[in-house]
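Right, one structure below, let's go through it.
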Amino acid sequence: MNYSKLFVLSSILLLGQFIELDAFGQVSSNESPFKRDFADVKILDAYFGELNQKIEVAPGDKNVPFTLVFANVGTLDITGIRGQLQLPSGFSPSDGKGALILADSENEASAGDHFSLIFFVNLDDHLLIQQYPGAVKVDYSRLRESGQRNAFFDFKFKVTGDSILNLKASDPFLTSLKNNEATIEISNSGTAPISNVKVVLENTQNTISSTQVSLTNVENVVFDQNNWDVGTIEPKSSKYISFQVYIPENLHTQTLHTPMSLTYFDSHGEKIETKRNVDFYINGLIDLKIYDVDVITLSGKQTVIGEVLNEGNTNALYGFVTLEPLDNSNIKKITQFIDEIETDSPVPFNIPIEFDGEPKFGDHKIKIILRYKDDLRNEHLFNYDTTIFLKDTAKKPESTISDYAPSIIGLAIAIIVGVIVFKKIRKRKEPVPS
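Numbering-wise (this note's numbering), the sequence shown opens with residue 168 and increments by one.
As structure tokens, then:
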């Protein structure tokens with residue numbers, strides 16, 4: 168009976184041990200759930216680039232530095248450090264020799280210090296932008312100790328893709344003496360996103376000291392804002408910023424260099440700061456007015472006359488004035504060349520009127536079209552609508568009393584003179600009383 172109880176108790180204790188093992192993931196009470204392998208060398212990081220300078224890489228890049236960072240966690244300095252790197256298919260040594268990629272360190276690594284090995288790698292064109300596994304063997308010797316030691320490490324690294332940032336003006340032409348809306352395109356033509364992009368316009372009054380020579384000419388240009396939070400720019404995409412800008416007169420026919428300071432985070436999460444210039448060409452202002460439009464008779468023909476005035480700061484080139492009928496007017500469309508329209512100097516035009524069919528007199532609605540070119544030889548049109556009155560010059564005007572006034576006055580004078588003369592003659596012929 169006692170043996171039976173002892174057997175049951177032993178069975179329960181044994182079963183309890185199995186249940187406990189399952190509950191703790193098959194880790195004995197004497198083992199830690201964390202791995203504790205003590206060695207002289209520990210791996211810290213693996214990335215493309217050099218020590219403390221990560222770089223973005225894309226499939227197809229050649230002879231790219233690949234850095235592994237280690238720490239000497241032992242109590243002795245180590246030397247003779249050599250690495251053998253093995254990466255997945257698609258990665259190869261830049262020297263093209265064998266499957267292993269080798270690197271040596273010429274320096275000793277003091278106890279408690281870190282060191283790095285830089286390998287040079289070619290990336291095949293077919294690689295994907297993603298995370299990959301790798302393995303490395305590190306051979307080294309401890310000072311004051313004979314023999315060679317080695318350590319093996321597995322790690323993960325990423326082919327990031329590359330981000331290519333570019334700034335350009337959507338329309339690179341602005342005009343002086345007026346407000347312009349300027350738009351800048353910020354594009355990423357690479358294969359990796361650009362995050363948290365911020366742009367600051369550096370108008371040199373705040374950013375360049377008086378002892379420096381300014382490479383820009385924005386000191387007297389007026390901007391309505393100078394700070395933009397652009398956000399993330401995905402690969403092969405663009406974002407835009409816009410602002411209002413007033414250009415003073417003295418900058419016309421010059422290039423405006425607009426300095427931009429940019430900060431963003433690349434695909435490694437590294438903060439990048441860079442400066443770019445966005446250039447605009449400043450056109451002169453051509454501000455045309457048409458005035459004093461009237462109809463006069465020249466050489467027996469009714470003619471439309473007027474003046475063109477340029478109130479801008481640059482000449483309009485190759486000017487043409489076209490008289491065009493509107494509504495039911497049957498005036499023929501006629502064009503006249505007036506050449507260059509200088510600033511602050513009125514240019515007259517006179518266009519003889521011809522009819523398409525029988526002449527129609529009275530009110531005619533017309534459009535005067537002014538065609539010209541600017542400094543860049545771009546063509547522009549300026550329209551002016553008005554109404555003119557045409558008289559029938561072939562019709563004789565009806566006679567009025569005013570038309571006969573000179574004759575009537577002359578006849579009256581003649582009658583008066585005749586009466587006076589008649590009276591004098593008659594008086595002479597009368598007999599003198601004795």
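For each residue, glycine too, the CB sits at the ideal point set by N, CA and C.
All values derive from a computational prediction rather than experimental measurement.
Taking the alpha carbon of residue i as the point to measure from, which residue in the options has its own alpha carbon closest?
i      : options                        : result
His435 : Gly328, Leu284, Tyr485, Thr425 : Gly328
Val475 : Leu490, Ile535, Val514, Ile575 : Val514
Ile449 : His293, Gln220, Asp541, Asn230 : Asp541
Ala483 : Asn545, Ala270, Lys442, Phe286 : Asn545
Ser330 : Gly585, His281, Ser404         : Ser404
Thr502 : Asn495, Tyr539, Asn384         : Tyr539
Phe528 : Ile508, Lys558, Asp552         : Lys558
Ile400 : Lys442, Phe410, Ser356, Tyr413 : Ser356
Lys534 : Phe215, Lys500, Glu478         : Lys500
Asn230 : Phe258, Asp244, Leu254         : Phe258
Ile268 : Ile245, Phe233, Gly279, Phe410 : Phe233
Val326 : Glu312, Asp530, Asp292, Leu543 : Asp292
Ile353 : Ile245, Gly398, Phe324         : Gly398
Asp244 : Asn346, Asn274, Leu211         : Asn274
Leu211 : Phe324, Ile361, Ile576         : Phe324
Ser272 : Gly265, Ala266, Ile361, His281 : His281
Lys532 : Lys442, Ser256, Asn495, Ser466 : Asn495
Leu334 : Pro526, Gly467, Thr425, Gly577 : Thr425
Buried or exposed for residue i, going by 16 or more other Cβ atoms inside 10 Å?
i      : result
Gln298 : exposed
Ala206 : exposed
Tyr407 : exposed
Leu310 : exposed
Ile498 : buried
Pro300 : exposed
Pro339 : exposed
Ile582 : exposed
Tyr431 : buried
Asn477 : buried
Val388 : buried
Lys464 : Rather than Lys, the amino acid found at residue 464 in this sequence is Thr. With fewer than 16 other Cβ atoms within 10 Å, it is exposed.
Glu217 : exposed
Ala359 : buried
Asp433 : buried
Tyr458 : exposed
Ile587 : exposed
Phe504 : exposed
Ser337 : exposed
Ile414 : buried
Ala213 : buried
Glu440 : exposed
I'd like to confirm the pairing. Which residues does DSSP put opposite residue i in its beta bridges?
i      : result
Ala270 : Gly250
His531 : Ile555
Glu217 : Gln220
Gly451 : Gly451 is not bridged to any residue.
Gln298 : Lys325
Val240 : The partner list for Val240 (beta bridge, DSSP) is empty, contrary to what the question assumes.
Pro519 : Thr470
Ala276 : Ile245
Leu543 : Partner(s): none; Leu543 has no beta bridge.
Gln411 : Glu348
Lys209 : Ala238
By Cβ distance below 8 Å, which residues in the same chain neighbour residue i in space, the five residues on each side in sequence not counted?
i      : result
Asn480 : Ser343, Leu344, Glu416, His419, Gly451, Leu452, Thr510
Asn317 : Lys304, Val305, Asp306, Tyr307
Gly247 : Asp306, Tyr307, Ser308, Gln315
Gly241 : Ala206, Asp207, Val208, Ala278, Arg309
Asp321 : Pro300, Gly301, Ala302
Phe522 : Asn497, Ile498, Lys499
Thr554 : Asp530, His531, Lys532, Ile533
For residue i, which residues in the same chain have their Cβ closer than 6 Å to its Cβ, ignoring the five residues on either side in sequence?
i      : result
Phe319 : Lys304
Val367 : Asn394, Ser428
Leu290 : Pro226, Asp228
Asn517 : Thr470, Ile472
Gly250 : Ala270, Leu284, Val303, Val305
Pro260 : Ile268
Between residue i and residue j, how many whole angstroms is the CB-CB distance? I'm expecting something under 8 Å.
i      : j      : result
Tyr307 : Val236 : So it is not a contact: roughly 15 Å between Cβ atoms.
Asp396 : Lys365 : 6 Å
Gly524 : Asp506 : So it is not a contact: roughly 32 Å between Cβ atoms.
Val385 : Leu341 : Not confirmed; about 12 Å, so no contact.
Asn239 : Ala276 : 4 Å
Phe410 : Ala349 : 6 Å
Leu455 : Asp552 : Actually they do not touch by this definition, with Cβ atoms about 15 Å apart.
Phe556 : Val460 : At roughly 12 Å, the Cβ-Cβ gap does not stay under 8 Å, so Phe556 and Val460 are not in contact.
Val445 : Ile351 : 6 Å
Among the residues of its own chain, which have a CB less than 7 Å from the CB of residue i, if the five just before and after it don't count?
i      : result
Ile630 : A query on residue 630 cannot be resolved here, the shown segment of the chain reaching from 168 to 601 and no further.
Leu294 : Pro226, Gly257, Val326
Can you confirm whether residue i, when its beta carbon is compared against all beta carbons of chain D, has any partner nearer than 7 Å?
i      : result
Asn545 : Of the protein chains in the structure, only one exists, and it is not chain D.
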